[in-house]
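Participant: All the letters of the sequence shown, read from the start, carry residue numbers 1 to 145 under the UniProt record's numbering. I'd like to ask some things about the structure below.
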Amino acid sequence: MATCCLIFAGCGATRTDSFDIDLRNATGQPLTLSLAKDGPPYEPSWATPQDLAIESPKRREQWSGGPSGMAALPPGKTASVKGLRGQFNPGVNGYLRVYAGDLTISEMLSREKGSPSRVDLMLKPGANKFVIAEKAGSLVAEPEK
1 MATCCLIFAG CGATRTDSFD IDLRNATGQP LTLSLAKDGP PYEPSWATPQ
51 DLAIESPKRR EQWSGGPSGM AALPPGKTAS VKGLRGQFNP GVNGYLRVYA
101 GDLTISEMLS REKGSPSRVD LMLKPGANKF VIAEKAGSLV AEPEK
């Protein structure tokens, strides 16, 4: 029985990570930004468009300015977030999703991972600096120097 307790004790430990994010829009169009996690625990500030669609299907369609949504990032501008915190189970990571355009929730839902108009950036605790550009009709992310 003691062995079972030791095995299960390590499975439920969550960690708290803190992120500083700087993202420069080097495209000719606005970008819609969304946070995401690839596992639990759920946190409203990390809610994805998919989470919001499941939680409240009658919710308004506008992403920008909502509880999880950030305003669209205009071309040539930089968005910065300092000290963003999240709780993560073992093996779970945080992401910044970047979509081309100033989108509604439905439009974001229509752009799956791997779409040329969406890029998912895995975040690491600490500083995360990216430039988003367009190449051959697709969004691409490069490290900011």
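Positions of the beta carbon are idealized from the N, C-alpha and C atoms, including for glycine.
1. For I21, write down the residues that DSSP places opposite it in a beta bridge.
2. Alpha carbon to alpha carbon, how far is E134 from M108?
3. Taking the alpha-carbon positions, what's the I21 to K129 distance?
4. From what residue to what residue does the alpha helix (DSSP H) around P49 run?
5. With DSSP collapsed to three states, give me the class of F117.
6. Applying the criterion that 16 or more other CB atoms from any shown protein chain within 10 Å of the CB defines a buried residue, is P74 buried or exposed?
Facilitator: Quick look at the numbers:
1. V81, N128
2. 18 Å
3. 6 Å
4. 49-55
5. The displayed chain sequence assigns Ser, not Phe, to residue 117. In the structure shown, S117 sits in coil (DSSP, three-state: anything other than H, G, I, E or B).
6. exposed
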